[in-house]
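**Student:** Sharing a structure below in structure tokens format, with a few things to ask.
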Amino acid sequence: MKQKLVLFLCVLQWGLLVSNIQAAVNPVCYYGQVSSAGKGIANVPVTDGTQIVITDKQGKYSMTSTSEVEYIYITLPDGFEVPMKDKVPAFFQKVPAKTSKKVRMDFELIRSKEDNKKHILVVWADPQVYFDEEMPQVHQASQDVKDLLATSYPGLPAYGIVCGDIIGDINKKPSYFSPMINAISETEIPFFYVIGNHDLDLNVRSNEYARSTYKSYFGPTYYSFNRGNVHYVILDDIFFLAKSYLYAGYLTEQQLQWLEQDLKQVTPGSTVVVAIHIPTYSREARNKEWGKESTMKVMNNRSSLYELLKPYNAHIMSGHEHYNENYVLADNLYEHVHAPLSTLFWQAPWACDGTPGGYAVYEFDEGEVTWYYKSVGKDRNYQFELYPVGASRDKKDAIVANVWNYDSTWKVKWYENGIDRGEMTRYSGYDPAIYNYCEKNSSTFKHKYLGAGVTEHLFYAIPQIEDSNIKVEVTDHCGKVYTQEMKQSM
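Mapped onto this note's numbering, the consecutive letters of the sequence shown carry residue numbers -2 to 487.
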């Protein structure tokens, strides 16, 4: 793996050299206006993906770039609706194939009637559809989101992010990108998209060409927008090596330089949400087993991102790992690794760690945020599963709780016949439901390599009284309490 990483870095350096040579030729002046109802909008960042300029008092901008630029796009300001085209956010314009020395590109926005200081964010990860028979479950998830917003958040603006791997097989024709866009639009809220490794073109000669299909549907792979007091950034942290489907988690220097400029527009202390596909951190890192981290499973230059995020209250949203995990990286830096909507690639009701199919919900209020996991088809208070003695192959004499959205600020207590027995003990092991399901049904799976995986959000306790009544009480990061009870037979 180290040899592959060296190769990856050499390829990256060559790509940067070529990019710098191209930037020195074919200068083009891109200019225009960002406006609403005929009036220019001041202080809107406009970018070509490398440099960022700010609109003047009349909403006008101008930048000298190169003919190699693909898009001119804006950071969508708060107070305006998300412009939509073909059911995806349309904050960008594609540069014509043949350009003159001066190209005008205007952006027209519609002022919003909603106040985004309070808003909801829905995050999906890895829907990863391979087959037609999986699409009804995506429609079901969209309906679940729509119902949740209607019942729990009437009148509040809401937005969504898909953290990559929108589809499973890029080579399958016709592409599932269009059906997925249509299904997700049934939520009736704007969804923003992150590119995942399964969304890359594979039969290309270099990383630079691996995003062609994705871009034809969604546009730029990194960009930003503002909603209320929150600044959102979408990044592309996949570097494709174009050989045997090898890739690495990595932010290119071009993105880092762009992000530096982007964050200069954000007041220090503000809330910043960064959405990526490959996580920045890992369970191996948390356990200080640095040598066990895979270059394909973490952002290898994560420290550079962390440094840029230091002045802010930052939340990183990621997916890729197909399990649910949370990392408190600093007082002002938190990473949410989201379980896949697709569970075990749509072959089971749970992901490999026992997390049921679902999505995350974030409630923003003046930049402050609380969150929970929403299982599709379940009440929002369903936040853990409780198993009786004998259910777990790892702890046969214990009751076991799987608390899938756990982090180090949570408390997991248990009671026996009303007696407070204190906190349950955390351990690593297999969730009983998904383990037993895979043992019974793996021969029928469409993907034969699938199976249950070890998770670190399990808790156990050994009952002391025969036929006792058990209650487990879980308190989350913001003090909300969830309980489950059962009659225990020993």
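Virtual Cβ for every residue (Gly too), placed ideally from N, Cα, C.
Everything numeric in this text was worked out from a predicted model, so none of it was measured.
Take every Cβ of the segment 151 to 166, pair it with every Cβ of the segment 97 to 107, and state whether three or more of those distances are shorter than 8 Å.
**Tutor:** no
**Student:** How about His454 and Ala122: do their beta carbons lie closer than 9 Å?
**Tutor:** no
**Student:** Count the other C-beta atoms from every protein chain shown that fall within 10 angstroms of the C-beta of Gly288, then say buried if there are 16 or more, exposed otherwise.
**Tutor:** exposed
**Student:** Locate the beta strand (DSSP E) running through Gln481, then write down its first and last residues.
**Tutor:** 478 to 484
**Student:** Go ahead and label Thr406 buried or exposed: buried means 16 or more other beta carbons lie within 10 angstroms of its beta carbon, across all protein chains shown.
**Tutor:** exposed
**Student:** Which class does His228 belong to by DSSP, given the choice of helix, strand or coil?
**Tutor:** strand
**Student:** Whole-angstrom Cβ separation of Ala311 and Asn329, contact assumed at under 8 Å?
**Tutor:** 6 Å
**Student:** Work out the CA separation of Trp347 and Asp53 for me, nearest whole Å.
**Tutor:** 51 Å
**Student:** Thinking just about the alpha-carbon of each residue, which of Tyr28, Gly351, Lys212 is nearest to the one in Val50?
**Tutor:** Tyr28
**Student:** Out of Val270, Gly450, Thr96, state which residue places its alpha-carbon closest to the alpha-carbon of Ser425.
**Tutor:** That would be Gly450, whose Cα lies nearest to the Cα of Ser425.
**Student:** Mapping DSSP to helix, strand and coil, what is Ile18?
**Tutor:** A caution first: Ile18 carries a pLDDT of 42, below 50, which makes its placement in the model unreliable, though a value can still be read off. Note: Ile18 maps to helix in three-state DSSP.
**Student:** Exposed or buried, Glu205, counting other C-beta atoms within 10 Å across all chains shown (16 or more means buried)?
**Tutor:** exposed
**Student:** Is Val135 helix, strand or coil by DSSP?
**Tutor:** helix
**Student:** Just curious, the beta strand (DSSP E) that Trp121 is in, first and last residue?
**Tutor:** 115 to 121
**Student:** Report the rounded CA-to-CA distance for His274 versus Leu302, giving the unit in angstroms.
**Tutor:** 14 Å
**Student:** State the Cα-Cα distance for the pair Tyr479 and Val471, rounded to the nearest angstrom.
**Tutor:** 5 Å
**Student:** Between Asp362 and the rest of its own chain, which residues show a CB-CB distance below 6 Å, the 5 nearest in sequence each way excluded?
**Tutor:** Lys115
**Student:** Under 6 Å Cβ to Cβ from Pro308, same chain only, skipping five residues before and after it: list those, please.
**Tutor:** Non-local beta-carbon contacts of Pro308 in its own chain, meaning distances under 6 Å to residues more than five positions away in sequence, involve Pro265 in chain order.
**Student:** Quick one, which of Asp83, Phe77, Leu253, Gly46 has its alpha-carbon nearest Glu67's?
**Tutor:** Of the listed residues, the one whose Cα sits closest to Glu67 is Gly46.
**Student:** In three-state DSSP terms, what is Pro80?
**Tutor:** Looking at Pro80 - three-state DSSP - the assignment turns out to be coil, as it is neither helix nor strand.
**Student:** For Lys408, which residues from the same chain have a beta carbon less than 6 Å from its beta carbon, with the 5 sequence-adjacent residues on both sides left out?
**Tutor:** The answer, listed in chain order, is Thr472.
**Student:** Name the DSSP bridge partner or partners of Lys57?
**Tutor:** Gln30
**Student:** Could you check whether Ile231 and Pro276 sit closer than 9 Å to each other, using their CB atoms as the reference points?
**Tutor:** In this structure, the beta-carbon distance from Pro276 to Ile231 does not fall below 9 Å.
**Student:** In angstroms, rounded to a whole number, what distance separates the CA positions of Ala282 and Glu322?
**Tutor:** In this model, Ala282 and Glu322 are separated by some 13 Å (Cα to Cα).
**Student:** From this set, Thr44, Arg101, Lys84, which residue's C-alpha is nearest Cys26's C-alpha?
**Tutor:** Arg101
**Student:** Ser16 to Gly476, Cα distance in whole Å?
**Tutor:** In this prediction, Ser16 has a pLDDT of 44, which is less than 50 and means its spatial position is unreliable; what the coordinates show is noted afterwards. Looking at the two C-alpha atoms, the distance is approximately 50 Å.
**Student:** Out of Pro176, Val191, Leu238, point me to the one whose CA is closest to Arg202's CA.
**Tutor:** Taking the Cα of Arg202 as reference, the smallest distance to any Cα among Pro176, Val191, Leu238 is reached at Leu238.
**Student:** Measure the C-alpha to C-alpha separation of Leu14 and Glu250 and round it to an integer number of angstroms.
**Tutor:** Model confidence at Leu14 stands at a pLDDT of 42, short of 50, so the residue's coordinates are unreliable and nothing is read from them.
**Student:** From what residue to what residue does the alpha helix (DSSP H) around Tyr457 run?
**Tutor:** Where Tyr457 is concerned, there is no enclosing alpha helix (DSSP H), although the beta strand (DSSP E) it sits in stretches over 452 to 458.
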